[in-house]
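If you read the sequences in order, they're chains L, U and V. For the first sequence, this note's numbering gives the first residue as 8, with consecutive numbering after it. For the second sequence, this note's numbering gives the first residue as 49, with consecutive numbering after it. For the third sequence, this note's numbering gives the first residue as 1280, with consecutive numbering after it. Idealized CB from N, CA, C, for every residue including glycine.
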Amino acid sequence: MSGQVDALYIYLLFVAAVMTALIFLAVTVLAIKYRRKPGVEAHQIEGSTILEIGWSVIPFGVMLTFFIWGAVLYFKERTPPADATEVYVVAKQWMWKIEHMEGQREINELHVPVGQNVKLIMTSQDVIHSFYIPAFRIKQDVLPGRYTTLWFKATKPGHYHLFCAEYCGTMHSGMGGDIVVMDPQAYAQWAAAGASAALHDTGKQLFLSLGCASCHRSDVQGRGPNLAGIFDKPVLLQDGRTVTADDNYLRESILDPTAKIVSGFKPVMPTFQGLVDEEQLNALVAYIKSLSPPAPGTAALQNAPAGAQYGNTQQQ
Amino acid sequence: MAHSQVTVTEHAEAHNPALRHHFADEQQQKNAASLGMWLFLVTEIMFFGGMFCAYLVYRLAHFNAFAAGSQQLNIYLGAINTAVLLVSSVTVVLAVKAAEARKRKQLVSFIVVTILLGLVFLGIKAKEYTDKFEDHYVPGATFHFDKPFDDNGKQIPVSSNAAQLFFSLYFAMTGMHALHMIIGCGLFTVLGVLAWKGHYTSGYFTPIENAGLYWHLVDIIWIYLFPLLYLISRHS
Amino acid sequence: MASEAIANPEPKTNYLTNGYGLKSWLLTTDHKRIALLYLISVTIFFFLGGFFAMLIRLELLTPQGDLMQADTYNKVFTMHGMIMVFFFLIPVVPAVLGNFLVPIMIGAKDLAFPRINLLSWYLYVIGGILILHCMLTGGVDTGWTFYTPFSTAFTNTKIIEAGLAVFVAGFSSIFTGLNFIVTIHRMRAPGLTWDRLPLFLWANYATSLIMILGTPVVAITIVLVAVERLFHLGVFDPKLGGDPLLFQHLFWFYSHPAVYIMILPSMGVISELITCFSRKRVFGYKFVALSSIAIAVIGFLVWAHHMFVAGISLYAAMIFSFLTFFVGVPSAVKVFNWTATLYKGSISYTTPMLYAFGFIGLFTIGGLTGLFLATLGIDVHVTDTYFVVAHFHYVMVGGVVMGYLGGMHFWWPKISGRMYPEAWAKLSALLVFVGFNLTFFPQFILGYIGMPRRYWQYPPEFQVLNVLSTAGASVLAVGYLLPMIYFLWSLRYGPIAEANPWNAAGLEWKTSSPPPTFNFDETPVVTWEAYNYDEIPPKELEVPVGS
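In structure tokens, the structure reads:
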């Protein structure tokens, strides 16, 4: 994708250079050719509507090519492929905390295998930050209170700068890091070495320890909705609206349960705002997502629950 | 305000002492003042517009909480205030008419009534704010909201956070409006004193007209605030 | 005949000599004196903002943060931005040149509301004192854009005081705009129809529309931030379900049109300069006039192009990208029309004309790089980097300041009654042009290779370009200091200027240099088109052509 950004950039550079040269040339030539000479008067010209239309419409037409190409690129950049591996990112003043699905945690470093679509699900613990990888030509602001996403596919192993690109306080310029792109075997080794509990396993532990399982059951109808298979599906709410159960919905439902109550259920869920931090939230969301079938093409997560059974009944 | 140290005492023709000399004639001055005042009102509309924009965004996102919060407001006090302001706009119009008719005492009387009505409005607002404080609906550490949204009998619980957003906007918008009311009362107090001294019954009453325009705008803003804040989902 | 003088070219008193003493200046309602009051205060803030710029460039000579602490640096770039945007760029051309010229060009004795004009200067000064006090007692470190939630919940610097300063200065701006609109609508001299108005007036009119409609929105935004800090009315607080993006929308709704407040009056100046020094009516008068209005209107529809990576929806981004291209068209139209005006003209290379040439070149580059930023796929990479910093400095400094300096040189004889020294002025223009490009062109490259903005420290590979940029800044600084010196010098030692040293068209040249307090002895009656250079012979040449 970065190659495509560069291609577009070079196209714009070319057009801009040509326009600049034309204007510079025109002004220089005209300024010299029509410099003041004794006895020669200026020739009053009112204008030319044809010319005005011409030099409005034609540049606008050229600009439309910029727009279309740029919009197409942007659309691709903001549409992560369904088979992307997800990685959670939590930004805080002044560091990046990375959580892989298999449980590896990193600070200011993100290891990824080459040739693999990677989707970052990001949120901030405090102020607005921005996740910027210049080499990949991508950037996305990271906001408190919601998830934003960024995806990429690294094509060459190596180390690449990670910068925070939204001013966030004292050490904004120190909030840098490293994207480490590795060959698949090297990555597998790295992943195995740092393995700890998979994110969704951590989430499952939290789900049990925080008491979620007592209301959200899959065996019988509990006080809360059954969470199996709900991810990315439409949900009918009590006030008649229908929303999609995406990352942000799951997050919001844990922090502010009365905001969107599912139709047919009572508002008895307590809020967990202040009781879970961003990383625990990510783990819980990852766990609930793991209860839905993976998107077509995605490799199944290791140790993911085989079916939709979950809760505090017999599970590994 | 020295335009010149050399005073010009002769005039080509006599004119109203209120005519400022950079204008060609009284009509130009009146037109200029009028246009200037309307432009200022446009800035006030844009100023409040920012808050209306915030209201729009959050009401769309958190309708239930907004409705629940709205249902806790005192609709009777709000309605009385609306009536008070509407009447005060009438008295303002009557004041302008009195000035035009060069009736000094009438002008002053209507100004006084307008100010009194404005003070009644502010007094009722103060009562409402006190009630909200006692109910713990003032945003901040003491905020507590557990009322549901009564949707035609169906009790829908709402997010306390979103209700706090509603009340933040309620206080910001009505507070800013009240500030403008206070300014309006102050303006009319000054004009009332000058009117009593006879400044505006010689044919020149542009300040009365302009202050009237200001008052009408503040009134109209309330006409929008009242239904948006007090009347969300009050079917029954 | 059209070029008859309307006022006595050698009156006994002019606006400068009509009354001495502090009170006659501080309580003046003469728009010309108020313009000078603004000139002094705006210049002070320009150099203060420039001082902060110097500190920034010095720190950025080395990759490490070794000149000052990170927090100090953050405050320095914040204050640089706040002062330059709110206390220099927004008021400079309207409040200095506009205040001086609008009534005279209209054929009026003063603006519609002279006392409000004076009030607007005092509001500027009060805002200025507040921002100075804020700086001296700790300053702010949010960046001039003071995004939430950093500004509402995380920084403990003096946000409310800075916000109040900007709020008060904003009213100064609103009152100036209000005055201009009423003056242009209601006080035109007989015969001065809209299609005979000088383009400087069209430009200021369009600018005033933006001032009226846009400034109140940033005012309420500041109020909401203050109210969130003081009273915990958490309108932008994500913990309550509030939206930090709402702040950005409200902020940029003003701050984007604000940049058109900055550039439009300068564009108006350029129209005056190009016509006078090519001795020609501008090519496509109607189109240039209406393009100012078009920029003002469309400029209100593009604000979220500052938010393409902020988290707005895909489709919103596309709409704003498209509209942003659309707003580039009227600007391009102006550049083409100015260039076409040169064709078959009779061109002199005076200092104001050099600044006009400089403007066309630098604004072209600045404007074209705006197209890069409008292009979504590219903006994702270069937004929040030095590419944006370079872009806006090209249009703000290469555009607004060049236009302002050109205008100051052009109207200096009218304002002061003296001529500036031409050789020094040309040298300064050259230094400004060279210094400017050396300072800011490397920043385009820095941005594309990935250096983010507002960085106190940076990876070593960015150093060479930063050093180049700082070197350029020192040249630029000299270019700005020189006019300060020679303009002051000229007040005492400059040759006395005649009423119309350039033989220019326009009502301001038909009165003395400096003008009398009431501008004209009798209200002029206009029977000629704007830029009637076919009826005005050029000045006799004393200096060889093309010097």
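Shown here, U/Ser157 sits in a helix according to DSSP, grouped into three states. Contact annotation: in the segment 222-255 of chain L, residues whose CB is within less than 7 Å of a CB in chain U are Gln245, Asp246.
The Cβ atoms of V/Ile1410 and V/Ala1444 lie closer than 7 Å to each other.
For V/Ser1627, the CB contacts under 7 Å within the same chain, skipping 5 residues up- and downstream, are Phe1556 in chain order.
In the DSSP assignment, L/Ala98 falls within the unbroken beta strand (DSSP E) covering 92-99. Nearest neighbour of V/Val1321 by Cα position, chosen from V/Ile1405, V/Asn1297, V/Ile1385, V/Ala1391, turns out to be V/Ile1405.
Within the segment 230-308 of chain L, the complete beta strand (DSSP E) segments of 3 residues or longer fall at 241-243, 249-251, listed in chain order. DSSP, reduced to helix, strand and coil, places L/Ile186 within a strand of the structure shown. A Cβ-Cβ distance of about 17 Å is found for the pair V/Val1679 and V/Ser1570, leaving them out of contact under the 8 Å criterion. Met94, Phe95, Phe96, Gly97, Gly98, Met99, Cys101, Ala102, Val105, Tyr106, Ala109, His110, Ala113: these are the residues of the segment 94-113 of chain U whose beta carbon lies less than 9 Å from some beta carbon of chain V, given in chain order.
Close to L/Val275, with beta-carbon spacing below 9 Å, lies no residue of chain V; the smallest spacing is near 20 Å. Straight-line measurement puts the Cα of V/Ala1752 at about 13 Å from the Cα of V/Ala1669. The beta carbon of L/Gln147 sits closer than 6 Å to those of Phe138, Thr155, Leu157, all from its chain and outside the five residues before and after it, given in chain order. Think of a sphere of 7 Å around the beta carbon of U/Leu83: the chain V residues whose beta carbon falls inside it are Val1461, His1464, Arg1465, in chain order. Around the beta carbon of V/Trp1481, a 10 Å sphere encloses 16 or more other beta carbons of the protein chains shown; the residue is thus reported as buried. Comparing C-alpha distances from L/Val25 to each of V/Trp1691, V/Asn1779, V/Leu1647, V/Pro1793 shows the shortest one belongs to V/Leu1647. Below the 7 Å Cβ cutoff, chain U contributes no neighbours of V/Ala1485, its closest Cβ being approximately 15 Å away. In this structure L/Gly184 does not touch L/Gln111 by the C-beta definition: roughly 15 Å separates them, more than the 8 Å allowed. Straight-line measurement puts the Cα of V/Arg1508 at about 47 Å from the Cα of L/Gly68.
Between U/Ser207 and L/Ala199, the CB-CB gap reaches or exceeds 7 Å. L/Tyr81 has its alpha-carbon roughly 43 Å from the corresponding atom of V/Val1375. Proximity of chain U to V/Gly1442 at the Cβ level (cut-off 8 Å) is not reached, the minimal Cβ distance being about 14 Å. Rounded to whole angstroms, the Cβ separation of L/Gly176 and L/Trp101 is 7 Å, and the two are in contact under 8 Å. In the three-state DSSP reduction, U/Leu217 falls in the helix class (H, G or I).
Between V/Val1538 and chain U, the shortest Cβ-Cβ separation is not below 7 Å. Residue state for V/Gly1329 is assigned as helix, using DSSP reduced to three classes. In this structure V/Tyr1539 is in contact with V/Ala1575, their Cβ atoms being roughly 6 Å apart against a cut-off of 8 Å.
Legend: CB atoms of the segment 199-210 of chain U lying less than 8 Å from CB atoms of chain L belong to residues Asp199, Ile204, Pro205, Val206, Ser207, Ser208, Asn209, Ala210.
With its beta carbon less than 7 Å from one in chain U, L/Thr265 belongs to the interface.
In the DSSP assignment, the residues bridged to L/Cys171 are L/Phe138.
At a cut-off of 7 Å between C-beta atoms, V/His1359 does not count as an interface residue with respect to chain U.
According to DSSP, residue pairing for L/Met129 in a beta bridge involves L/Val96, L/Thr155.
An exposed status is given to L/Thr86, since fewer than 16 other beta-carbon atoms sit within 10 Å of its beta-carbon.
Annotation note: the segment 19-106 of chain L contains the following uninterrupted alpha helix (DSSP H) runs of length 4 or greater, listed N- to C-terminal: 56-84. Between L/Ala235 and L/Leu298, the gap from beta carbon to beta carbon is short of 7 Å.
In this structure, V/Thr1664 and V/Phe1530 do not form a Cβ contact; the two beta carbons are roughly 20 Å apart against a cut-off of 8 Å.
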